[in-house]
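Going down the list, the sequences are from chains A and B. Here the first sequence is numbered in this note's numbering, starting from 2 and rising by one per residue. Here the second sequence is numbered in this note's numbering, starting from -9 and rising by one per residue. We treat Cβ as the ideally placed atom computed from N, Cα and C, and that holds for glycine. Here the structure comes first, spelled out in structure tokens, and everything after it is commentary.
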Amino acid sequence: MKIRLNGKEVTCNIENLEGLLKMQGFSLERIIVECNGRIIPSQERPRVLIAEGDTIEVLSFVGGG
Amino acid sequence: MEDKLIIAKKEFKNRLFIGTGKFPSNAVMKDTLQKVKPDLVTVALRRVDSGIKSDNILDYVPKSCTIMINTSGARNADEAVRIARLSKASNAGNWIKIEVIRDNKYLLPDNLETLKATEILVREGFVVLPYISPELAVAKKLVELGAAAVMPLGSPIGSNRGLRTEELVKIMIEEVDAPVIVDAGLGKPSDAARCMELGCAAVLVNTAIAVSNNPADYALAFNQAVSAGRLAYLSGIPGESSRARASSPLTGFLRE
């Protein structure tokens, strides 16, 4: 299925969010994840299922003024 | 006399707030923060590149610092609110610098959208410090809505042009019942000293420090200027006169 991950189209065959994040190589501890506009607490990630067309944002803190 | 700055019940001893952008490396930033010991630093929130093991900026910030997350990148109130909510989900705290910008040339803030975002985020329990163009009516309204402080710009972000908005900031300090913190554009320690002499509660500096040849020392110079300016303000700055006023006695001259 195709989803949008951080603004880019990505094809994936993994059904849950935690698996997708691992497959994509994100460091799981320090990221903030939003799925279709909903903030997903880290403990919920294994239970969140991904569907065709989902929009997922993965964010972290960077330097800024 | 102990001189404390209190914002949202939190006590700040160091009135130099530091932004963490643009440093040549996280190690240099860490060195700078260790040397100056700011009580508050700002960070931003961005998309992460997948598959790249990058350091987390928060690992380089001393634990004693209050982290204030900016909403940079937000072009309207809704986007600023979204960034604030995402930040809260990270447990980095609930201090938010609202920064809503649509003008890419001068990066001047949109005061109207900033008002809207402030109203929403204060209601949601955030400690809100809005970055604004120095307009008195807006600053007063923000404080009415519950902003913990107001942060007028000195000059455009990253421009290092100093306190070009001095008259407006002065009025704001006089008329607004909340800490006034000059944010953006301060390029030299003397700019920061000037802000503090006027009665600013603090200043927020990023670019000038981060891009200097020696960020840690330059930050220290800023810090000393902030302390000097504050002490001068508290001491009471003597009035000016257009004519000379002799500092030695005008009697007992040898010629008499």
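{"Item": "Run down chain B in chain order and give the residues with a C-beta less than 9 Å from the C-beta of Pro42(A).", "Value": "Ala79"}
{"Item": "Can you pull the chain B residues whose beta carbon is under 7 Å from the beta carbon of Glu35(A), in chain order?", "Value": "Leu76"}
{"Item": "Would you mind giving the Cβ-Cβ distance between Leu176(B) and Val193(B), rounded to the nearest angstrom? I have them listed as a contact below 8 Å.", "Value": "6 Å"}
{"Item": "How many Å lie between Asn81(B) and Asp68(B) at the Cα?", "Value": "21 Å"}
{"Item": "On the CB-based measure, 16 or more other CB atoms within 10 Å of its CB, does Ala191(B) come out buried or exposed?", "Value": "buried"}
{"Item": "Identify whether Lys95(B) lies in helix, strand or coil by the three-state DSSP scheme.", "Value": "coil"}
{"Item": "Kindly indicate which three-state DSSP category Lys78(B) falls into: helix, strand or coil?", "Value": "helix"}
{"Item": "With 9 Å as the limit, tell me which residues of the region 8 to 26 of chain B have their beta carbon closer than that to any beta carbon of chain A; keep them in chain order.", "Value": "Ile8, Gly9, Thr10, Gly11, Lys12, Phe13, Asn16, Met19"}
{"Item": "How far does the alpha helix (DSSP H) with Met19(B) in it reach, from first residue to last?", "Value": "16 to 26"}
{"Item": "At what residues does the alpha helix (DSSP H) containing Lys131(B) begin and finish?", "Value": "126 to 135"}
{"Item": "I need the DSSP call for Thr155(B), collapsed to helix, strand or coil.", "Value": "coil"}
{"Item": "What residue does the beta strand (DSSP E) around Gly64(A) start on, and which one ends it?", "Value": "56 to 64"}
{"Item": "Taking only the alpha-carbon atoms, compute the straight-line gap between Gly115(B) and Ala139(B) and give it to the nearest angstrom.", "Value": "15 Å"}
{"Item": "How long is the line joining the alpha carbons of Gly41(B) and Asn84(B), rounded to whole angstroms?", "Value": "29 Å"}
{"Item": "Pick out whichever of Leu50(A), Gly66(A), Ile32(A), Glu45(A) has its Cα sitting closest to the Cα of Thr32(B).", "Value": "Gly66(A)"}
{"Item": "Just to confirm my understanding: we take Glu125(B), look at its own chain, exclude 5 residues before and 5 after, and list those with CB closer than 7 Å. What are they?", "Value": "Asn101"}
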